[in-house]
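The structure under discussion appears below in the form of structure tokens.
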């Protein structure tokens, strides 16, 4: 177990705890192209020598680290090329830096430094000039020989030697992978709708109907438009309305039972339109600033063409029948499972490749955002391989993991490559729950690899809270989702305050998963003004981009959540108050976080009310505010501390 | 960067976060031979299959992990052989476990399981019996063929298959090193004295004088007796009393300036005695239950024999002079530094080996405990190599790191092999400071590799607190050191409440480092009764062994620290109240931590006062207590919750 002396020789300068890193470098930390990334490490050495250190990025460029405090070093680095990159840290004993520091002290104490100058000459002797700085080195060597103290100790010499001086006991950390994404991977606003519901009442909708609906979605400020599966739907064991086991004639079926004689996961539902219609939709969406997100659900209906074409891609039972999905004693006879591993635990490679090719197929048709259904019921190595392979060809692709499962499973999926993750947001309703959950997401290790996407609701989740919250609760849940998180989403109907459940369940009555829905999007109850407002604030205020700047601040009321999104670099500071209780008003004291600006408790800040537009001044730290479910369920303040404008 | 499919095939069952581990397995976690070690990992798989997992120790033995909650798995393992060991975790999909769980559910729901029995036959077919269990497998295969459900689903079959059934998608973690020490490495009580001070007044002490003094030390309950260096002392630039730069005639010098024409670090100071005397002392100490700890200070005086014998083991300056230790502009001209690296950063191997041999030299003379002076001013790779090499030959050796330096440096030394570490204890005096520091030491990552040793004082540290605390503060600092920490130590004189400083300094006036001290160990002020008591409690109460069981409990007074040392395994529960303010009494409420025993707030526990011996009952959670600097500066309670005796 003992290391050899050779290995030990290069560890004199210690480099520990390089961040960002995920599982010690086993997985990539995610960063956004163009956003500054703080890279840090603990770096130290025995004794009292001056040390220096740098981050080396995949292109070989060095970025100097600076000592912050207590052996923590940091650098800010920006990545611009999408895809895989990496970082490592190098650190060394800076012989010239030590010599200069100590010699200056000795001169200050009136000591003779004749021998120190000899030491400098020894130190310079082996140095060879790089072409562009050869003159400087030659001059320095001459100055050192002459004992020209002004030249030797000049700032210019220090700068030159910092770049070119000898690196004693150079240490190099392991290499840590980085994955560079485009901004939308970390910052996006999703709207989900069933294209088939957008026809005139009673008629199956089409892609052309969706095109007509784009202005409505774009007006609310969304940038991703996401569809549940749009493929042909199986007929065998088709589910009826409200998930009944038997479909009635005319029932359209769940789009999650994919595949019929009309095609499988690379086909379009004929009633929605053909590939030409789809291409027109993708283009029209783009013109509205919207990107289409597709649902990839690896559930085959018993009618999926692959079942006959590739019998060994599915599990069979000893009696030769195909194996349905089951959660014993329940069976799901409208869906069959893929067979990811063969005998002897060998990956079923033809299947893996076929599924990978599905993503490539849709990427080539302009879909670069994929919402993956239940990835946690498919093997992790399969996803790790698939996402890496797809992103090697299309680094702009974004994978959203729909894994409403246990925390460590959810996090693992993010580690192995999913860009975004559905979360527990719909079940985090109290001040304490929201504070604890957001603190975990923004300050712990997962912030480096997991990008939550706060959906207010989904076709599967009719949140208990909204079933009785009335309109105020829909407004606050939208505003919190969009302002607490970088990515957020809403499933159609939420803006209309739809919340009627199957009794005692967390599901929608007459779920759109099994039938067409016709909605009056202009109904008076609509909260689209709130949606438009918060999406506009997200777009216009720089502090809204990286949700990891989130901080909670004191509001002395159990039903009021107060938080800030502060970006000192752009001097952009937003403060939020949200009334959690949708039924009762709250009058409370809160603190203006003057300390965040280095201001004393009696300082003043300029404030703009982002809802009403008026501006005024808050004098001092302690203030009172009243929130009211109907009149004012939330407040958003833009703060301008003295010393400049944002 | 993409993994190959082959590599991905064996990661279906995820194993993450194996503990204990240090820097992802780069360093060994420390455990004690004979103490149970909890080994844990996060383990999970896609889907809903039953999984199973085990820890594999270095000898190949498997210890099954059990699922605790939220994908956390644990096993308790005990290591018995001193030295390097390791752990890895294996986990797999338990095909039979899944089959049995699901089949039982289906039977419970009245479903036909004919095909399930066929599946079982498929599962059993490839199994081959190991010799000792062949009969069982044969019987099971027969039962499965017959469809004998009672036999197939019996507990015996489940147990057999759990041991022998197929392991699908077997995953294996990395291997994590473990270092197994003897108990004294984690649990020891040190007493430090200068042998030369133990002579009759005015005469240089000897090893024989130390032998006479052993009963005094043993009576207080210590188990390690530690000496500052006992080697010949240099004469060139010898320091005088109170660290004056010039010694007067007759000054005996600092034992840390090692080496003269009488010998170096492998010699004994002639006035102390010869190797025969030293051997007698080691043996006599052992008879008193005391182990001798030696100080290894790698400071050579200018007179050390190695300077002439091995000129290239020391730094030289361009003018040919030897380089003294310095902290510019200060110079330490009584000490010269070793040269650990040569040109080109090559380790100075002959020197490294010579120093390693010093430890071996003393180990062969019965010294297995080493206190290392200022290890942070020597290279980390040097120590990592040296300690591993010494411990490969003498796994019983214990290295204590005297590194009063920055936190990360202190921790790195513990990671690279030091068994024990001096700490910041002497500078942690308030309730808040002590609580924060002990929480860090007992609950964070460092608990797996850093074993603090709480010294109340050292020849270099006359704590500011004790300079004005009077006797009560000496009592409480001893009791806290010994009860908050597994290892603790005291430098001679502390039990006599010595605290006179150099004015304004944290040093002792007339420091024993530069002159002989004569003490009246029977003085009335002595607190040896406290020392004896707390060392007895440490020895007799099992909960005192592993300090990582420390928990703080509410005592509603800023000057009262309340904490527990609870060991549920032995039902041994000790509760401490310590008055931090040595000048004023405190009356306060505190809570008996009934919740720790799963008891309601109105329950009762039996209590024994460990100072006065009387027993009584505490009814309910809330109680009052008065502590007084003179009468009762601390209280120690032994609790017996209902349901058994400890």
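Protein chains in written order, with our numbering: chain A, 1468 to 2113; chain B, 1468 to 2113. All C-beta atoms in this analysis are idealised placements derived from N, C-alpha and C, irrespective of residue type, glycine included. Note that the structure is a prediction, hence the values are computed from the model and not measured.
Query, Result
"Residues within the segment 1867 to 1891 of chain A neighbouring chain B, beta-carbon criterion of under 8 Å", "1873, 1874, 1875, 1876 and 1879"
"Residues of its chain near residue 2127 of chain B, where Cβ-Cβ distance is below 6 Å and the 5 sequence neighbours each way are ignored", "In the structure displayed, chain B extends from 1468 to 2113; residue 2127 of chain B sits before or after that span and is not available."
"Distance CB(residue 1551 of chain A)-CB(residue 1516 of chain A) smaller than 7 Å", "no"
"Expected contact under 8 Å - CB spacing of residue 1851 of chain B and residue 1883 of chain B to nearest Å", "4 Å"
"As assigned by DSSP and simplified to three states, the class of residue 1600 of chain A", "helix"
"Exposure of residue 2022 of chain A, with buried meaning 16 or more beta-carbon neighbours within 10 Å", "buried"
"Contact set between residue 1573 of chain A and chain B, taken where Cβ atoms lie within less than 7 Å", "1795 and 1796"
"7 Å Cβ cutoff, residue 1634 of chain B in contact with chain A", "no"
"Nearest candidate by alpha-carbon position, reference residue 1921 of chain B, set B:1927, B:1954 and B:1480", "B:1954"
"Assigned secondary structure, residue 1470 of chain B (DSSP; H/G/I helix, E/B strand, else coil)", "For residue 1470 of chain B, the pLDDT reaches just 49, beneath the cut-off of 50, and the residue's location in the model is therefore unreliable, although a value from the coordinates is still provided. Note: residue 1470 of chain B maps to coil in three-state DSSP."
"Whether residue 2087 of chain B touches residue 2069 of chain B by CB criterion (7 Å)", "yes"
"Beta-carbon proximity of residue 2074 of chain B to residue 2046 of chain B, cut-off 7 Å", "no"
"CB contact below 7 Å: residue 1846 of chain A versus chain B", "yes"
"Which listed residue (B:1910, B:1971, B:2091 and B:1611) has its alpha carbon closest to that of residue 1935 of chain B", "B:1971"
"Under the three-state DSSP convention, the category residue 1530 of chain B falls into", "strand"
"At least three beta-carbon pairs within less than 8 Å, the segment 1803 to 1817 of chain A to the segment 1781 to 1791 of chain A", "yes"
"Proximity to residue 1843 of chain B [Cα-Cα], best of B:1871, B:1825, B:1818 and B:1937", "B:1871"
"Neighbourhood of residue 2089 of chain B by C-beta distance below 7 Å, restricted to the same chain and skipping five residues each side", "2056 and 2058"
"Alpha-carbon spacing of residue 1994 of chain B relative to residue 1976 of chain B, whole angstroms", "21 Å"
"Proximal chain B residues relative to residue 1576 of chain A, where beta-carbon distance stays under 7 Å", "1796"
"Option in A:1837, A:1873 and A:1874 with minimal Cα separation from residue 1861 of chain A", "A:1837"
"Local conformation of residue 1761 of chain B per DSSP, three classes", "strand"
"Counterpart residues of residue 1891 of chain A in DSSP-defined beta bridges", "For residue 1891 of chain A, which the question treats as bridged, DSSP gives no partner whatsoever."
"Residue 2097 of chain B, buried or exposed, once every other Cβ within 10 Å from all chains shown has been counted against 16", "exposed"
"Cutoff 7 Å: residue 1784 of chain A Cβ touching any chain B Cβ", "yes"
"Option nearest residue 1926 of chain A by Cα separation, candidates A:1952, A:1899, A:1965 and A:1912", "A:1965"
"Buried/exposed call for residue 2062 of chain B, threshold 16 Cβ in 10 Å", "exposed"
"Residue-chain proximity (residue 1514 of chain B, chain A), Cβ-Cβ < 7 Å", "yes"
"Member of A:1521, A:1609 and A:1978 whose CA lies at the smallest distance from the CA of residue 1531 of chain A", "A:1521"
"Segment limits, alpha helix (DSSP H) that includes residue 1627 of chain B", "1622 to 1631"
"Residue 1654 of chain B versus residue 1500 of chain B: straight-line alpha-carbon distance, rounded", "12 Å"
"Within chain B, the residues that residue 1511 of chain A reaches when beta carbons sit closer than 8 Å", "1873, 1875, 1876 and 1879"
"Candidates A:1488, A:1485 and A:1511: closest to residue 1875 of chain B by CA position", "A:1511"
"Min CB distance residue 1582 of chain B to chain A below 7 Å", "yes"
"Contact check, residue 1748 of chain A vs residue 1677 of chain A, beta carbons under 7 Å", "yes"
"Whether residue 1785 of chain B touches residue 1943 of chain B by CB criterion (7 Å)", "no"
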